[in-house]
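Novice:
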Amino acid sequence: MTSHTSYIPLYDVHRTYEENYAEGPFGEFAALGSQTAPLEATATAALDTETPRYSFFGQSVRTPFGIPAGPLLNERFTTAAFRAGFDIATYKTVRSRAWACNPFPNVLSVHPASGELTAGASETLDGVLADDQFGSPETISISNSFGVPSQSPDVWQPDMQRAIQNAGPGQLLLASFQGSRTPEMSEEQYIADHVTTARLALETGAKVLEMNTSCPNEGKGRLLCHNPELVGRITEAVKNEIGDTPLIIKLAFMPDDADVERMMQNTVLRQSVQGFATINTISARLVNARGEQALPGEGRETSGVCGAAIRHAGLEMVERVIRVQRNLGIADDDFAVIGVGGVTSARDVQDYLSLGARAVMSATGAMWNARLGQDVRAVLR
1 MTSHTSYIPL YDVHRTYEEN YAEGPFGEFA ALGSQTAPLE ATATAALDTE TPRYSFFGQS
61 VRTPFGIPAG PLLNERFTTA AFRAGFDIAT YKTVRSRAWA CNPFPNVLSV HPASGELTAG
121 ASETLDGVLA DDQFGSPETI SISNSFGVPS QSPDVWQPDM QRAIQNAGPG QLLLASFQGS
181 RTPEMSEEQY IADHVTTARL ALETGAKVLE MNTSCPNEGK GRLLCHNPEL VGRITEAVKN
241 EIGDTPLIIK LAFMPDDADV ERMMQNTVLR QSVQGFATIN TISARLVNAR GEQALPGEGR
301 ETSGVCGAAI RHAGLEMVER VIRVQRNLGI ADDDFAVIGV GGVTSARDVQ DYLSLGARAV
361 MSATGAMWNA RLGQDVRAVL R
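The sequence shown begins at 1 in the UniProt record's numbering and counts up by one.
1. For R285, which of helix, strand or coil comes out of DSSP?
2. If we call anything under 7 Å between Cβ atoms a contact, is P71 one with L129?
3. Helix, strand or coil: which one does DSSP assign to R15?
4. Flag P52 as yes when its Cβ comes closer than 6 Å to any non-hydrogen atom of the ligand FAD, and as no otherwise.
5. What whole-angstrom Cβ distance do V260 and V324 have, given they're in contact under 8 Å?
6. Suppose you measure from the CA of V110 to the CA of I140; what does that come to, to the nearest Å?
7. Can you check DSSP and say which residues form a bridge with C306?
8. Considering only residues of the same chain and omitting the five flanking positions on each side of K207, which have a CB-CB separation below 6 Å?
9. How is the beta strand (DSSP E) around M211 delimited, first residue to last?
10. Using beta-carbon positions only, say whether V360 and V343 come within less than 7 Å of one another.
11. Can the beta-carbon of G170 be found closer than 7 Å to that of R62?
12. Do you know whose CA, among C101, A363, D87, lies nearest T281's CA?
13. Quick one: what does DSSP say S34 is sitting in, helix, strand or coil?
14. Using only CA atoms, which one of Y190, D12, S143, Y352 lies nearest to A294?
15. To the nearest angstrom, report how far apart R222 and P25 are at their CA atoms.
16. Could you please give me the residues that DSSP links to M361 through a beta bridge?
17. Sort F134, N166, S152, A167 by Cα distance to S180 and report the nearest one.
18. Given this structure, state the Cα-to-Cα distance separating S283 from L125, to the nearest angstrom.
19. Determine the direct distance from the alpha carbon of L315 to that of K239, and round the result to whole angstroms.
20. Decide if E68 is buried, meaning its Cβ has at least 16 other Cβ atoms within 10 Å, or exposed.
21. Out of curiosity, what's the CA-to-CA distance linking I8 and D244?
22. Does the region 336 to 353 come within contact of the region 306 to 313, defined as at least 3 CB pairs closer than 8 Å?
Okay, here's the thing in structure tokens:
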């Protein structure tokens with residue numbers, strides 16, 4: 001691979017979200033639109049001879065590995081991911097309406113003192129250094145401060161349809177969505193917006209849906225997953241709309257078994273949710289070298305952080321979810337965990353799988369390493 005100092009990631013962090021949407025993907029992924037691309041040729045050669053060995057919520061996949069909601073902005077990105085050997089590609093979270101992105105920059109390199117971020121630790125409150133000095137793909141951690149932008153359904157629906165059609169044999173497009181809350185909305189209207197968005201996603205032909213409950217960029221303390229009773233009401237309404245289509249919910253880190261248990265009681269035990277994808281990010285106050293707010297704009301003192309710094313938290317959360325699942329007597333046939341957080345190598349994937357995760361995903365690691373999908377395929381083959 002190219003030296004990390006000059007490597008251009010899948011999502012070019014030095015360009016705006018709008019530029020990435022219109023012109024991306026970048027780096028090694030950019031060539032994957034070409035039928036003669038070397039990386040594509042090596043990745044797809046394996047596709048022609050291998051039989052899918054794994055199941056992902058009832059769908060056959062060649063590996064239980066892919067890219068979560070975030071970096072794959074549209075069909076060009078998901079197609080490039082498929083061709084690079086990432087067998088599960090998550091289409092970036094969509095809404096029922098167009099939604100603007102937070103101001104640029106959105107992605108900074110984040111440098112915790114110990115290399116790790118712990119949810120709620122003093123460092124996350126006092127300030128973590130963030131700058132534009134991106135390190136090696138194996139150790140990189142970044143801010144994720146976008147605010148869950150979305151195109152309008154008349155744009156993303158046909159694009160998602162194309163993304164689904166471009167999945168290869170043993171590959172799957174996972175459709176991520178969330179509700180949009182505006183100040184004048186009642187709780188019932190907020191629930192209804194989730195249902196509408198789920199229906200719009202289902203209309204594209206998506207076989208599995210993921211509902212985001214964990215974005216830390218819409219206001220501090222407003223994570224939906226902190227309210228399991230409301231999540232339960234929403235998922236019940238969504239499930240009534242989508243029927244037998246599997247529903248996954250994306251969760252933030254939860255420090256206590258009791259929190260996970262309440263979420264399972266309100267969702268999984270009511271059969272409205274078939275899986276948890278966890279974790280999303282860990283929220284931290286980001287500062288520059290002078291101790292000033294690193295990301296410009298009101299309400300952006302804190303940001304979600306992803307990458308190597310949260311790997312330990314992702315592993316801990318998967319372990320916690322599996323433990324609570326066992327304690328509640330929930331069968332593996334009825335529930336699965338997707339491990340997310342700090343995955344930058346095939347070894348990290350194995351670590352998550354060994355804890356009981358049924359699938360694993362990498363965002364930051366995949367952005368900076370287009371060959372990660374092939375590395376994982378080689379290990380799991």
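The beta-carbon is built from N, C-alpha and C at its ideal position, and this holds for glycine as well.
Specialist: To lay it out plainly:
1. strand
2. no
3. coil
4. Within the structure as shown, the ligand FAD is missing, as the structure has no ligands at all.
5. 5 Å
6. 8 Å
7. I142
8. Q59
9. 209 to 212
10. yes
11. yes
12. A363
13. Model confidence at S34 stands at a pLDDT of 49, short of 50, so the residue's coordinates are unreliable and nothing is read from them.
14. S143
15. 31 Å
16. G66, V340
17. S152
18. 9 Å
19. 28 Å
20. The question names Glu, but residue 68 is Pro in the sequence shown. The residue in question, P68, is buried, as its Cβ has 16 or more Cβ neighbours within 10 Å.
21. 40 Å
22. yes
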